[in-house]
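In our numbering, the protein residues as written are 34 to 493.
Just so you know, even glycine gets a beta-carbon here, dropped at the ideal spot from N, CA and C.
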RNA sequence: UCCCCGAUAGCUCAAUCGGCAGAGCGGGUGGCUGUUAACCACUAGGUUGUAGGUUCAAGUCCUACUCGGGGAGCCA
């Protein structure tokens with residue numbers, strides 16, 4: 034008999050005489066004459082309550098059905114006389130597919146700390162909280178694709194391996210097939226004997242490739258893993274993380290801010306509509322304010338604030354910041370938090386940053402002092418989105434590359450786009466894990482990605 | 001990379017001034033006619049992160065290291 038997902042059994046609108054359910058035992062409660070098994074198959078947060086009576090053939094295997102064991106149960110889905118669940122499964126047959134030694138199985142019914150669960154990341158999805166996180170993660174990814182598809186964007190598979198060593202988004206991971214022990218002789222090209230015959234790295238961003246395709250397909254987005262070899266040790270950074278990077282042709286900074294706001298709202302709304310039960314767990318145990326915050330993020334317009342005004346607000350605040358606020362200096366974490374958590378109490382988009390503190394490819398504004406860049410800041414998470422209108426004027430871009438002290442030659446293809454049919458275009462990057470932190474209230478990026486990669490951590 | 005805090009049973013934590021290392025949960029055994037973070041009784045479980053030092057005596061004080069957490073920088 035084919036198994037039925039527990040999610041579907043629990044949503045049944047009628048009793049069923051013969052069903053088969055499979056899953057992992059969360060806990061067993063023995064009474065005189067029968068036992069209750071709580072079985073979870075990952076299809077939803079809730080467990081299926083299974084009744085195993087002493088006089089049932091299922092009883093023989095019960096002693097092995099301990100916490101963590103994989104079981105298959107055949108029986109009748111009947112209305113539960115007890116409070117707390119609508120349906121329960123009266124077992125006629127019980128098979129323990131994979132036992133779990135209760136002495137050494139590390140998960141117990143009671144709450145574990147996130148720190149401990151990180152050390153058993155292979156088992157943590159079997160807990161309520163992590164099961165919920167990764168169901169939400171899957172649904173949020175679906176929301177991304179749905180959002181862009183509905184708007185005529187094409188999903189661009191930007192490369193993971195890249196030959197450009199100068200994307201300016203942070204330290205890169207080197208990719209090589211050369212043996213460790215054989216450093217190339219001095220003077221020669223150290224990469225000549227390597228797989229690609231030149232330096233290769235893992236991508237830090239698909240933006241440049243997305244720009245190329247935006248000038249052909251119009252509107253595109255990338256959604257995949259990116260890699261940064263920064264020695265960042267914070268709850269908001271990982272060496273491998275997923276990023277969503279849309280790029281629009283014939284678009285300016287206002288279009289860019291509109292798109293970012295719409296995307297965050299659509300992802301939030303989608304998760305609220307499709308992950309109600311899982312989100313509830315976070316609203317109850319992780320962040321009491323969660324639902325109210327998400328409703329505001331999904332519905333209220335975001336503040337749009339030129340950088341110069343942000344600086345003025347911070348100066349007027351009378352707040353003693355650890356780092357002084359001044360035009361020309363980048364906003365510090367404490368400044369960003371003040372703006373969106375205390376002053377406005379909602380998401381804030383800061384735009385038109387001083388040119389000196391932003392990347393070379395951002396479009397120079399008419400004032401020649403600022404660039405058309407924007408950051409979307411959200412309470413608790415900080416920078417969720419960073420984007421800009423791109424510099425489409427060849428001469429200006431070449432000047433900016435020179436000013437940044439960079440060589441123009443490796444960018445020949447990037448500059449070609451400005452030579453042939455150049456158009457105004459804009460895009461941004463949204464950190465997928467940071468969105469998940471915002472959506473669930475989880476405070477550490479390592480807990481919203483299945484197998485976190487951070488400095489000195491590559492287990493699993 | 002810098003600053004701060006921490007590490008005691010499988011997990012979460014206690015241990016007063018430096019003086020016998022404990023509890024809850026989890027595990028095991030038994031009990032209980034419907035439980036649902038079940039309940040009741042009994043029970044096993046420890047090189048106090050590692051290495052050194054001070055002391056009659058160190059979980060407790062000192063030094064170094066390892067690991068974990070928080071904050072900062074870098075960013076998404």
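CA-to-CA distance, residue j to residue i, given in whole angstroms
i	j	result
residue 33	residue 93	This structure does not reach residue 33, given that the chain is present from 34 up to 493, and the question cannot be answered.
residue 308	residue 480	18 angstroms
residue 265	residue 160	28 angstroms
residue 427	residue 448	7 angstroms
residue 180	residue 79	29 angstroms
residue 231	residue 358	43 angstroms
residue 174	residue 166	12 angstroms
residue 76	residue 407	39 angstroms
residue 400	residue 286	15 angstroms
residue 172	residue 40	16 angstroms
residue 38	residue 62	23 angstroms
residue 469	residue 275	11 angstroms
residue 456	residue 394	14 angstroms
residue 211	residue 235	16 angstroms
residue 129	residue 57	10 angstroms
residue 98	residue 223	59 angstroms
residue 207	residue 195	10 angstroms
residue 185	residue 278	15 angstroms
residue 268	residue 71	34 angstroms
residue 250	residue 411	31 angstroms
residue 396	residue 35	58 angstroms
residue 82	residue 104	13 angstroms
Residue i, buried or exposed, once every other Cβ within 10 Å from all chains shown has been counted against 16
i	result
residue 483	exposed
residue 422	buried
residue 74	buried
residue 300	buried
residue 293	buried
As assigned by DSSP and simplified to three states, the class of residue i
i	result
residue 283	coil
residue 257	strand
residue 131	strand
residue 205	coil
residue 171	helix
residue 401	coil
residue 305	helix
residue 482	coil
residue 270	coil
residue 49	strand
residue 160	coil
residue 232	coil
residue 395	strand
residue 190	coil
residue 364	coil
residue 296	helix
residue 154	coil
residue 179	helix
residue 41	helix
residue 372	helix
CA nearest to the CA of residue i, picked from the options
i	options	result
residue 420	240, 140 and 181	240
residue 257	53, 473, 463 and 46	463
residue 409	194, 380 and 289	380
residue 452	370, 195, 424 and 289	424
residue 147	430, 319, 457 and 392	319
residue 306	109, 458 and 169	169
residue 490	142, 44, 154 and 70	154
residue 492	150, 233, 436 and 327	150
residue 84	65, 102 and 442	65
residue 271	279, 261, 344 and 280	261
residue 353	367, 98, 188 and 91	367
residue 387	340, 414 and 430	340
residue 247	282, 237 and 255	282
residue 361	430, 390, 472 and 327	390
residue 495	385, 392 and 349	A query on residue 495 cannot be resolved here, the shown segment of the chain reaching from 34 to 493 and no further.
residue 328	345, 335, 316 and 302	302
Element boundaries [beta strand (DSSP E), containing residue i]
i	result
residue 444	Unbroken run through residue 444: none, as it is neither H nor E.
residue 211	It is not in any beta strand (DSSP E) - residue 211 carries neither H nor E in the DSSP assignment.
residue 118	First-last for residue 118: undefined, no H or E at that position.
residue 106	103–112
residue 422	415–422
residue 82	81–86
residue 227	Residue 227 -> no beta strand (DSSP E), and no H or E assigned at all.
Extent of the continuous alpha helix (DSSP H) run through residue i
i	result
residue 471	465–473
residue 434	427–436
residue 343	340–349
residue 330	323–332
residue 241	240–250
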